[in-house]
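Let me begin by presenting the structure, written as structure tokens, before commenting on it.
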Amino acid sequence: MGRTRTALALTGAVLVAGLGATALLGRFSYAPMPDLADLANPGRSPLTTAFDVLGRRISEAEAQTLRQTEEGRQTLSPASGAVAIDAALVARGREAFYRETFGNEVFLTDVMGMLDGAITPFEVVRAVAALKGEATTNLQVPLAHDITIGDRTYKKGERVPTGLDVPKGGAFIIGIKSFYDQGHLRMGITCALCHAAVDAGSGKVVEGAPNTDLNAGLLMALAKNSSAYFMHASVPEADAKGSDGKGGDGKGAVCPMRRRWRRRPRCRSQAGRPAASIPLQTG
Ligand code: HEC
């Protein structure tokens with residue numbers, strides 16, 4: 001009996017250690033993709049193209065004619081640049097539409113600090129949970145702390161209209177992909193963030209409809225290091241300040257994940273003063 005207990009305790013300890021190690025070393029990601037039954041417009045684009053040949057659409061009828069001749073069969077071959085537009089390809093495209101971020105989570109999280117500003121993952125999860133399965137076309141998220149953007153001060157707890165959509169019965173925001181990476185959380189965006197919307201009446205997803213109330217500017221301004229986006233937004237650098245009130249002069253901008261960045265290699269200018277610094281992320 002004593003031995004069995006020891007063996008059980010040991011197995012338990014190994015399991016707990018294993019789970020802990022998985023949590024620390026594990027990586028996984030998730031983005032919601034509605035079932036066809038949860039779409040307001042499931043049959044929105046019936047397949048009318050059978051092949052795409054370098055941008056030229058070929059219907060099934062035309063494809064059948066082409067298949068009759070050797071030359072036609074050549075036209076429909078991959079060597080000629082033909083791609084069969086079939087259900088499998090559409091399914092792959094749909095998956096990409098909802099789940100592909102092209103790596104933007106690194107910029108949005110590690111550089112711009114989307115999760116380290118006044119909107120935190122905790123507040124977002126709480127806001128979604130508070131819906132209790134109801135849909136929203138404009139998730140209201142309470143701010144985690146006071147923040148001044150330009151001449152406006154937002155107070156801690158103030159609910160900001162994000163324009164983010166959660167479908168009925170959904171626990172996740174359409175178009176946002178969450179990444180868990182060895183204890184570090186990141187968020188990225190997919191096409192669905194801007195090109196899908198929730199229908200307020202039914203709570204279903206309207207695939208391909210623009211999310212017209214997405215508050216992208218405010219969401220970015222609330223990030224820890226929104227100045228990182230200025231060069232994409234044609235904001236004159238001299239006018240720009242980070243959301244922490246610093247930056248713009250190139251001196252005080254705060255990098256959100258400072259502890260995760262390795263010592264910065266400095267490029268020395270002729271005068272021996274740092275001319276530029278390139279932050280490197282640790283592995
Ligand atoms: C941050 C929001 C956002 C994301 C994410 C986004 N788009 Fe867009 N997209 C827009 C906006 C806004 C426009 C309209 C731009 C304009 O008209 O000047 C647009 C336009 C388009 C158009 C042209 C539509 C037309 O009728 O002319 C296509 C196609 C498109 N996007 C595809 C995509 C794809 C594919 C992805 C994902 C890889 C994507 N978009 C991600 C915001 C976004």
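Anchor point for the sequence shown: position 97 equals 97 in the UniProt record's numbering, and the numbering is continuous, going up by one each time.
C-beta: ideal position from N, C-alpha, C; glycine also.
From a predicted model like this one, the values you see are computed outputs, not experimental measurements.
- Query: Taking Cβ to Cβ, would you say valine 166 is nearer than 9 Å to leucine 131?
  - Reply: yes
- Message: Tell me whether the segment 31-45 and the segment 197-204 touch, counting them as touching only if at least three CB pairs, one residue from each stretch, are closer than 8 Å.
- Response: yes
- Assuming leucine 139 and leucine 164 make a contact with CB atoms under 8 Å, what is their CB distance in whole Å? 4 Å
- Query: With 16 as the cutoff for other CB atoms within 10 Å, does tyrosine 30 come out buried or exposed?
  - Reply: exposed
- In three-state terms, what does DSSP make of leucine 222? coil
- Query: How long is the line joining the alpha carbons of serine 178 and methionine 187, rounded to whole angstroms?
  - Reply: 5 Å
- Selection from Ile189, Ala233, Gly12 that minimises the alpha carbon distance to phenylalanine 102: Ile189
- Message: Does the distance between the C-beta of alanine 96 and the nearest non-hydrogen atom of the ligand HEC fall short of 8 Å?
- Response: yes
- Message: Beta-carbon distances below 6 Å to any heavy atom of the ligand FAD define the shell here; list its residues in chain order, please.
- Response: The ligand FAD is absent from the structure shown, which contains only the ligand HEC.
- Report yes if the C-beta distance between glycine 72 and valine 53 is below 9 Å; otherwise report no. no
- Message: Output needed for cysteine 191: all residues of its chain with C-beta closer than 7 Å, excluding positions within five of it in sequence on either side, in chain order.
- Response: Phe97
- Item | alpha helix (DSSP H) runs wholly inside the segment 104-154, at least 4 long, in chain order | 121-130
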